[in-house]
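Structure first, then comments.
Number of protein chains: 2
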Amino acid sequence: MTVYNFSAGPAVLPKPVMEQIQKELPSLQGSGMSILEISHRTKRFEDILDTTKQDLKELLQIPDNYEVLFCQGGGTGQFAAVPLNLANHHRKIALLDSGHWASGAADEANRLGYTVDIVGNTKANKYQSLPYPDQKLSGDQYDYLYATLNNTIEGTTYHRDILPEHNDITLVGDMSSNFMAERYNVNDFGLIFAGAQKNLAPAGLTIVIVRKDLIHPAAHTPKMLNYEPYVKKDSMFNTPPVFPIYVAGLVTKWLKDLGGVDEMEKINRKKAAVLYDYLDESKMFKNHVAKAERSLTNITFSTGSDDLDAQFVEFATQNGLMSVKGHRSVGGLRASLYNAMPIEGAKALVDCLHQFEQTH
Amino acid sequence: MTVYNFSAGPAVLPKPVMEQIQKELPSLQGSGMSILEISHRTKRFEDILDTTKQDLKELLQIPDNYEVLFCQGGGTGQFAAVPLNLANHHRKIALLDSGHWASGAADEANRLGYTVDIVGNTKANKYQSLPYPDQKLSGDQYDYLYATLNNTIEGTTYHRDILPEHNDITLVGDMSSNFMAERYNVNDFGLIFAGAQKNLAPAGLTIVIVRKDLIHPAAHTPKMLNYEPYVKKDSMFNTPPVFPIYVAGLVTKWLKDLGGVDEMEKINRKKAAVLYDYLDESKMFKNHVAKAERSLTNITFSTGSDDLDAQFVEFATQNGLMSVKGHRSVGGLRASLYNAMPIEGAKALVDCLHQFEQTH
Numbered sequence: 001m002t003v004y005n006f007s008a009g010p011a012v013l014p015k016p017v018m019e020q021i022q023k024e025l026p027s028l029q030g031s032g033m034s035i036l037e038i039s040h041r042t043k044r045f046e047d048i049l050d051t052t053k054q055d056l057k058e059l060l061q062i063p064d065n066y067e068v069l070f071c072q073g074g075g076t077g078q079f080a081a082v083p084l085n086l087a088n089h090h091r092k093i094a095l096l097d098s099g100h101w102a103s104g105a106a107d108e109a110n111r112l113g114y115t116v117d118i119v120g121n122t123k124a125n126k127y128q129s130l131p132y133p134d135q136k137l138s139g140d141q142y143d144y145l146y147a148t149l150n151n152t153i154e155g156t157t158y159h160r161d162i163l164p165e166h167n168d169i170t171l172v173g174d175m176s177s178n179f180m181a182e183r184y185n186v187n188d189f190g191l192i193f194a195g196a197q198k199n200l201a202p203a204g205l206t207i208v209i210v211r212k213d214l215i216h217p218a219a220h221t222p223k224m225l226n227y228e229p230y231v232k233k234d235s236m237f238n239t240p241p242v243f244p245i246y247v248a249g250l251v252t253k254w255l256k257d258l259g260g261v262d263e264m265e266k267i268n269r270k271k272a273a274v275l276y277d278y279l280d281e282s283k284m285f286k287n288h289v290a291k292a293e294r295s296l297t298n299i300t301f302s303t304g305s306d307d308l309d310a311q312f313v314e315f316a317t318q319n320g321l322m323s324v325k326g327h328r329s330v331g332g333l334r335a336s337l338y339n340a341m342p343i344e345g346a347k348a349l350v351d352c353l354h355q356f357e358q359t360h
Numbered sequence: 001m002t003v004y005n006f007s008a009g010p011a012v013l014p015k016p017v018m019e020q021i022q023k024e025l026p027s028l029q030g031s032g033m034s035i036l037e038i039s040h041r042t043k044r045f046e047d048i049l050d051t052t053k054q055d056l057k058e059l060l061q062i063p064d065n066y067e068v069l070f071c072q073g074g075g076t077g078q079f080a081a082v083p084l085n086l087a088n089h090h091r092k093i094a095l096l097d098s099g100h101w102a103s104g105a106a107d108e109a110n111r112l113g114y115t116v117d118i119v120g121n122t123k124a125n126k127y128q129s130l131p132y133p134d135q136k137l138s139g140d141q142y143d144y145l146y147a148t149l150n151n152t153i154e155g156t157t158y159h160r161d162i163l164p165e166h167n168d169i170t171l172v173g174d175m176s177s178n179f180m181a182e183r184y185n186v187n188d189f190g191l192i193f194a195g196a197q198k199n200l201a202p203a204g205l206t207i208v209i210v211r212k213d214l215i216h217p218a219a220h221t222p223k224m225l226n227y228e229p230y231v232k233k234d235s236m237f238n239t240p241p242v243f244p245i246y247v248a249g250l251v252t253k254w255l256k257d258l259g260g261v262d263e264m265e266k267i268n269r270k271k272a273a274v275l276y277d278y279l280d281e282s283k284m285f286k287n288h289v290a291k292a293e294r295s296l297t298n299i300t301f302s303t304g305s306d307d308l309d310a311q312f313v314e315f316a317t318q319n320g321l322m323s324v325k326g327h328r329s330v331g332g333l334r335a336s337l338y339n340a341m342p343i344e345g346a347k348a349l350v351d352c353l354h355q356f357e358q359t360h
């Protein structure tokens, strides 16, 4: 039985990447040493890090006035690092509450003593649509406007053409769950961050893309959360997460060979359409997000009955379709269709949904 | 040619562990999913984390009044986390300056606004011996006494029988480079931390062992550096470094099968003796550390000539003995003999040293 893993993250890696990791695990590039064992101070690893960074710049069309940092600590680490590094003028942040992770970012900034103004929220409709600022925002008032670009749990996305207005304010985007899955213009942002464990590498690596003029010495900020030492030492002031960086290098190469982010987005749109088209026709399973705001990578749906949803999870698991249960905070069902998920996975899921619908 | 990797870290993993990783990479325990891809919220991974924690408790004889936390961020992360969590009464730390990493810990605590008193240092003899407090220390004065137990760069170790006196003060130990390599009594410490990339797992995981009464809500501390959420959520309030935790589980199992930490220490003493015995007899290569303070895991030596040292590095590399160059801050030569280095590696190095000595 072919197993498809619809987990929201850590998530599937491309099959050729998995094969290459396995093949060269005992001896990296004929060195006689494993990637799990080599020193980060070797020329071999420095080349891997440099190439991965260059490939990210190329794939995401990152302009020269941005830095690319390889960090640890995931989104939770950046919920602290972003205000600690960027909110140094007003100590005041405008934030769009689009659900679970946006709210987590607000909590962490609050804990650290920053003022967080929720300038838009869609709590009233259970975050099934995206919030937008209820006022014109300015950098004279706030250090930045914070948005969770893709809401993994709620299934909504600020795609590039429906970003919140940011003419007079720095926009910060959490791109953890749709990084390299669809095109964004990096110029729209002062800072983008992304945990690697959805579209880039196994858990343990976080990418930060930050405009150079926003990097300042962040006094009293722990070094691990302070962007300046990463810039000064090319993300190597201490031992970086060597293995995830190596895998990120293989995944970026795979994506380049496949045609880059624009080609990936086309594939992702087709893949998501397989599932959304079914859901829009189904009498049993529904998705409640407006079409323009639908996520390509995390598709939420439900029968409306907790019991029936649970039965479907069981049925899907028996058919090798894993982790289709919705996040514990919202319930229901969810399928994550990240870059490495083949279209056959989406089709297998639709077949399974169809079969379940006909027999229940 | 057999390649031996004497890197100070990331470092060698046990061969059977490497083989198992490679074998089950595409399908963990027959699940059809890779350890690189499974969700951390699966029962399968929760079992791995629980078992690894239990094995660490057993191997290190960790008493029940201690917590074991799985963190990210390495030693540098803990240089901040330890004062942020533990130095909340006096905001004042006593620290033994035994070299590079102790000094790094002092700098980070200073940056974060804590008072750091260097109560002993051996800078005058280039850290070739261990410092001890020049006064009786008390918890009425300091939140804790901080010591780097094994000095990776300088080749010295506070072994269990030569720890600094700590009757009236909490002792904190950085055990990054001799974790599970020799026996310590956990009861001697309020807190121990260790980066995994020497004796436990690939880079990206940090183990913290902390006495329960020392854990308090650390207000205004970033969540990633705050022990309390790790305790409350069993190190899973966010995505943990899944793969290094999995490898740690394989390594602890390997170490248990081998006979545990006491047996490992016996092997490490034999292994280190192969090299120290040679160095004590050699007319060309010298180690300058007093016998009682010598590290089992990081053995420093030199010809006394930078040029000759560099020639030996070249000669060793040609013979498949990698990364024997000393740390850039002290120069000279260094061989790291971690748990996974077989005694044949130490013997091969001695053969190579001998051959070089006879021909130069």
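Just so you know, the protein sequences line up as chains A and B, in that order. Residue 141 in full-length UniProt numbering sits at position 141 of the first sequence, with consecutive numbering throughout. Residue 110 in full-length UniProt numbering sits at position 110 of the second sequence, with consecutive numbering throughout. Even glycine gets a Cβ: it sits at the ideal position worked out from N, Cα and C.
Examine chain A for any beta-carbon lying closer than 8 Å to the beta-carbon of residue i, and answer yes or no.
i         : result
B/Pro-217 : no
B/Ile-48  : no
B/Ile-207 : no
B/Thr-115 : no
B/Gly-73  : yes
B/Val-231 : no
Taking its Cβ as the centre, do 16 or more other Cβ atoms sit within 10 Å of residue i, making it buried, or is it exposed?
i         : result
A/Gly-99  : buried
A/Thr-42  : buried
B/Gly-155 : buried
A/Asn-298 : buried
B/Gln-72  : buried
A/His-360 : exposed
A/Thr-2   : exposed
A/Ser-235 : buried
A/Asn-187 : exposed
A/Gly-113 : exposed
8 Å is my cut-off, CB to CB: does residue i come that close to chain B?
i                      : result
A/Val-210              : no
A/Glu-108              : yes
A/Ala-105              : no
A/Leu-69               : no
A/Gln-54               : no
residue 364 of chain A : Any question about residue 364 of chain A goes unanswered here, given that chain A covers just 1 to 360.
A/Leu-255              : no
A/Leu-200              : no
Below 7 Å on C-beta distance, what does residue i contact in chain A?
i         : result
B/Val-3   : Gly-32, Met-33
B/Gln-197 : Thr-239
Could you work out which residues of chain B lie near residue i, taking near to mean beta carbons separated by less than 8 Å?
i         : result
A/Gly-9   : Ser-39, Thr-239
A/Glu-154 : Ordered by position in chain B, no residue passes the 8 Å Cβ test against A/Glu-154, which lies about 18 Å from the chain.
A/Ala-203 : His-40, Thr-239, Pro-240, Pro-241, Val-242, Phe-243
A/Leu-13  : Ser-34, Leu-36, Glu-37
Would you mind telling me which residues of chain A sit closer than 8 Å to residue i, beta carbon to beta carbon, in chain order?
i         : result
B/Gly-99  : Near B/Gly-99 there are no residues of chain A at all, since even the closest Cβ is about 16 Å away, more than 8 Å.
B/Leu-112 : His-220, Pro-222
B/Thr-76  : Lys-223, Met-224, Phe-237, Asn-238
Listing by chain order, which chain A residues have their CB less than 9 Å from the CB of residue i?
i         : result
B/Ala-346 : Per Cβ cutoff of 9 Å: no residues; B/Ala-346 is ~17 Å from chain A at best.
B/Lys-322 : The identity of residue 322 of chain B in the sequence shown is Met, whereas the question assumes Lys. By Cβ distance, chain A contributes Ser-31, Gly-32, Met-33, Ile-38, Ser-39, Thr-42.
Could you name the residues of chain B that residue i contacts, counting a contact when the two beta carbons are closer than 9 Å?
i        : result
A/Leu-25 : Met-18, Ile-21, Gln-22, Leu-25
Please list the partners that residue i has in chain B, where partner means a Cβ-to-Cβ separation under 7 Å.
i        : result
A/Ala-80 : Pro-222, Lys-223, Met-224
Determine, using beta-carbon pairs with one atom in the segment 63-74 of chain A and one in the segment 219-232 of chain A, whether at least three such pairs fall under 8 Å.
-> yes
Do three or more CB pairs link the segment 210-223 of chain B to the segment 317-337 of chain B at distances below 8 Å?
-> no
Does the count of Cβ pairs from the segment 121-131 of chain A and the segment 281-301 of chain A closer than 8 Å reach three?
-> yes
Indicate whether the contact test is met: 3 or more Cβ pairs, each with one atom in the segment 81-96 of chain B and one in the segment 130-150 of chain B, closer than 8 Å.
-> yes
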